[in-house]
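Trainee: So the protein lines, in turn, are chains Z and A. Under the working numbering, the residue at position 229 of the first sequence is numbered 229, and the numbers go up by one with no gaps. Here the working numbering = 1-based position in the second sequence + 1000. The beta-carbon is built from N, C-alpha and C at its ideal position, and this holds for glycine as well. The structure that follows is given in the form of structure tokens.
2 protein chains.
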Amino acid sequence: MTLNKEQNQVRTGTESRTEPLPQLSRFAGSSVHAAIANEIGLRIVRGDYPPGTVLPNEAKWSETFNVGRSAVREAIKMLMAKGLLSSRPKVGSRVEPRERWNLLDRDVLSWYAMSPDREKFLATVQEFRHIVEPEAAALAAARRTDEQMDEISRACHDMGTATTLRARTAADTRFHMAILRAAGNDLLVPLGVLIESGLESLFVYVTREVNDLRHAQQLHEEIERQIRLQKPDRARAAVTKLLANTDEIIVGAGRSAVAASE
Amino acid sequence: MTLNKEQNQVRTGTESRTEPLPQLSRFAGSSVHAAIANEIGLRIVRGDYPPGTVLPNEAKWSETFNVGRSAVREAIKMLMAKGLLSSRPKVGSRVEPRERWNLLDRDVLSWYAMSPDREKFLATVQEFRHIVEPEAAALAAARRTDEQMDEISRACHDMGTATTLRARTAADTRFHMAILRAAGNDLLVPLGVLIESGLESLFVYVTREVNDLRHAQQLHEEIERQIRLQKPDRARAAVTKLLANTDEIIVGAGRSAVAASE
DNA sequence: CGTCAACATATTGTCTGATAAAACATATAA
DNA sequence: TTATATGTTTTATCAGACAATATGTTGACG
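Below, the structure is given as structure tokens:
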């Protein structure tokens, strides 16, 4: 009621446009603690605070962001929940070794994707897909229900009829996630965030040729067909083929990126 | 200063022994918010609050656990970070659909393992290992460094010389985690928590026969050898063999559990 | 000179109370 | 009936206080 005056003026004062807080980019409707978690998490993953480092203390964050201490604390608790931090009285919050990070967490993954070495990240995700997705498709072919098949088919069809690259990528993601679900192993489903992240990275990278799109669509349809026919081995092979195709696109994009920078 | 009196008396009053809080089991050194997160998280995963349900509000939790509202809030933020909850003003905190849960999170996994259907959980983990570990071993055989090989060999040796089942399980976990690390894909490492969880579940289940142990040890040593010799295909096959052996043990344990309950 | 205990200190942990913001429900007016 | 206004409930955020806990420091004593 008294000290608040100044604060409020800074934040909601007359004509205060696009300057709500010093640095904090808080995208539409996101709360303060979420924005703080995002900011600090990004900095950690980016490498600003290497594992073992102790972060600035809560009071400091509170000051630099012009927010209450509780907001900072809640943000830190979220980062603790993702395995990035651990904190103890008197010592502060220190960054955990990378091994404890929940790399498969949606947010951590997105921070990873924003890091300087995006290309390496994409390569890692792509390799991981090689490990998991062929087997997932084989399981899906063996165990899919009719409803799950419908979802796969619909996504595949939507890919074919999509008019924008963005819509196509969305359908593509749905396609692969549906396969993971159809595989009938609950632990596979969370890996969907990886695929999502990978396809989004690809989306940024590549402006595909029309021929590439046609070919990729055929490869997807082959997967759909083999799962429909319940042929595990052939479904697995079809996925392997698709991933090999994606590998080529990535390599090609890498080449043209190199060429463009020369 | 005034209202505090009563509270403090409840919590630290004369001779208040082993009755710090109504229900909250807070194991050694764990903080209040962590204990609350644990309790609520367990209840959610267990199914007390199905997806879509709105939890009791913060004031309610605060009352039932005799803790401050901030502790409750921090706990809820942690659960949000794990994808179990989302909360909005006026509506409250509602449980997210299972698809959004970070099932591969250490804590979520442990709550899963405590759920009524442990057996199904173990089967799911075991199947997941079939999907991932053979390929991981193949990659490890191809890319291991000498230091990584040392770590694998040491863990394998420790398994052989372990005197207690507990120590053996610990070495076993280290063995498989070392292979994941040696595979050279950062995204594989977080899956170690799965293996850890699976082996712990096994540990509870099974009192292995000496012959079983001898055989299992040989299977592990075969994996170690093929990674040492850098033979990806043989390493993959060796892991598949080990997992098949584990499958049998699980089936056997299931049988004897059934037998014991009859 | 070294070792151990007492004490100071910095930082997170927790509680309390107050106010703001948001979403939903209800009532009222056109 | 529809649209607007108002109220209500809940989370969101802030502020200030005190407790708990490691760490560092100092001093006494062997």
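Would you mind telling me which residues of chain Z sit closer than 7 Å to A/Asn1059, beta carbon to beta carbon, in chain order?
Mentor: For clarity, residue 1059 of chain A is Ala in the given sequence; the question names Asn instead. Result: empty, since nearest Cβ-Cβ is about 16 Å, beyond 7 Å.
Trainee: What number of angstroms, rounded off, separates the C-alpha of Z/Leu194 from the C-alpha of Z/Leu79?
Mentor: Z/Leu194 and Z/Leu79 have their alpha carbons spaced roughly 19 Å apart.
Trainee: Given this structure, state the Cα-to-Cα distance separating A/Glu1196 from Z/Glu209, to the nearest angstrom.
Mentor: 45 Å
Trainee: Count Cβ pairs between the stretch 181-191 of chain Z and the stretch 131-150 of chain Z that sit closer than 8 Å; are there 3 or more?
Mentor: yes
Trainee: Under 9 Å between C-beta atoms, does A/Met1114 make it to chain Z?
Mentor: Chain Z contact via Cβ: absent.
Trainee: In angstroms, rounded to a whole number, what distance separates the CA positions of A/Asp1107 and Z/Arg214?
Mentor: 44 Å
Trainee: Taking the continuous beta strand (DSSP E) assigned at A/Val1095, which residues delimit it?
Mentor: It spans 1092-1095 - the beta strand (DSSP E) in which A/Val1095 sits, taken as one unbroken run.
Trainee: Closer than 8 Å is the cut-off here; do at least three beta carbon pairs connect the stretch 163-171 of chain Z with the stretch 225-235 of chain Z?
Mentor: no
Trainee: Could you tell me the distance, in whole angstroms, from the CA atom of A/Leu1021 to the CA atom of A/Asn1057?
Mentor: Low confidence applies here, because A/Leu1021 scores a pLDDT of 46, under 50, leaving its location unreliable; read the following figure in that light. It is roughly 19 Å from the alpha-carbon of A/Leu1021 to the alpha-carbon of A/Asn1057.
Trainee: Taking 9 Å as the CB-CB limit, is A/Lys1241 close to chain Z?
Mentor: By this cut-off, A/Lys1241 is not an interface position.
Trainee: Spell out a yes or no on whether the stretch 1072-1087 of chain A and the stretch 1032-1045 of chain A are touching, meaning 3 or more CB-CB pairs, one atom from each, closer than 8 Å.
Mentor: yes
Trainee: Is the beta carbon of Z/Pro97 less than 9 Å from the beta carbon of Z/Gly52?
Mentor: yes
Trainee: Distance cutoff 9 Å, beta carbons only. Does A/Arg1144 sit that close to anything in chain Z?
Mentor: no
Trainee: If I measure Cβ to Cβ from Z/Leu243 and keep anything under 8 Å in the same chain, skipping five residues before and after, which residues do I get?
Mentor: Gln126, Arg129, His130, Glu133, Pro134
Trainee: When you compare each of Z/Gln230, Z/Thr246, Z/Lys82 to Z/Val95 by their alpha carbons, which one comes out closest?
Mentor: Z/Lys82
Trainee: Which residues mark the beginning and the end of the alpha helix (DSSP H) in which Z/Leu219 is found?
Mentor: 210-228
Trainee: Below 8 Å on C-beta distance, what does A/Glu1222 contact in chain Z?
Mentor: Simply none; closest approach about 21 Å.
Trainee: Z/Leu122 and Z/Gly198 look like a contact to me (Cβ under 8 Å); what is the Cβ gap, rounded to whole Å?
Mentor: 7 Å
Trainee: Any idea if A/Gln1226 is buried or exposed, counting beta-carbon neighbours within 10 angstroms, 16 or more meaning buried?
Mentor: buried
Trainee: Pull up the distance between the alpha-carbon of Z/Ser317 and that of A/Ser1030, whole angstroms please.
Mentor: Residue 317 of chain Z lies beyond the residue range present for chain Z, which begins at 1 and ends at 262; the question has no answer from this structure.
Trainee: Starting from Z/Arg144, trace the beta strand (DSSP E) both ways and give me its first and last residue.
Mentor: Following the DSSP letters along the chain, one finds Z/Arg144 in no beta strand (DSSP E), marked with neither H nor E.
Trainee: Tell me, please, which residues DSSP counts as bridged to Z/Arg88.
Mentor: Z/Gly92
Trainee: Are there 16 or more other CB atoms within 10 angstroms of the CB of Z/Asp117, so buried, or fewer, so exposed?
Mentor: exposed
Trainee: For Z/Thr124 and chain A, any beta-carbon pair shorter than 9 Å?
Mentor: yes
Trainee: Express the C-alpha separation of Z/Asn102 and A/Leu1085 in angstroms, rounding to a whole number.
Mentor: Each residue's Cα considered, the two are about 17 Å apart.
Trainee: What residue from A/Phe1065, A/Tyr1205, A/Glu1224 has the CA that sits closest to A/Ala1178's CA?
Mentor: A/Glu1224
Trainee: Determine the chain Z residues that contact A/Ala1132 at a beta-carbon separation under 9 Å, and present them in chain order.
Mentor: Residue identity differs from the one stated: residue 1132 of chain A is Val in this sequence, not Ala. Proximity of chain Z to A/Val1132 at the Cβ level (cut-off 9 Å) is accounted for by Ile131, Val132, Glu135, in chain order.
Trainee: What three-state label does DSSP hand Z/Val54 in the structure shown?
Mentor: strand
Trainee: Starting from the Cα of Z/Val91, find the closest Cα among Z/Leu104, Z/Ser110, Z/Val54, Z/Asn245 and give me that residue.
Mentor: Z/Val54
Trainee: Please classify A/Leu1229 as buried or exposed, where buried requires at least 16 neighbouring CB atoms within 10 angstroms.
Mentor: exposed
Trainee: Figure out for me which residue from Z/Glu248, Z/Ala136, Z/Asn211 has the closest Cα to the Cα of Z/Leu202.
Mentor: Z/Glu248
Trainee: If I measure Cβ to Cβ from Z/Val45 and keep anything under 7 Å in the same chain, skipping five residues before and after, which residues do I get?
Mentor: Val108, Trp111, Tyr112, Ser115
Trainee: Out of A/Ile1250, A/Asn1038, A/Glu1221, which one is the CA nearest neighbour of A/Glu1200?
Mentor: Checking every option, the nearest Cα to that of A/Glu1200 belongs to A/Ile1250.
Trainee: Along chain A, in chain order, which residues have C-beta atoms closer than 8 Å to that of Z/Phe65?
Mentor: Residues of chain A passing the Cβ test: none, with the nearest at roughly 16 Å.
Trainee: Measure the C-alpha to C-alpha separation of A/Ser1025 and A/Asn1038 and round it to an integer number of angstroms.
Mentor: 9 Å
Trainee: Give the straight-line distance between the Cα atoms of A/Ser1070 and A/Pro1050, rounded to the nearest whole angstrom.
Mentor: 25 Å
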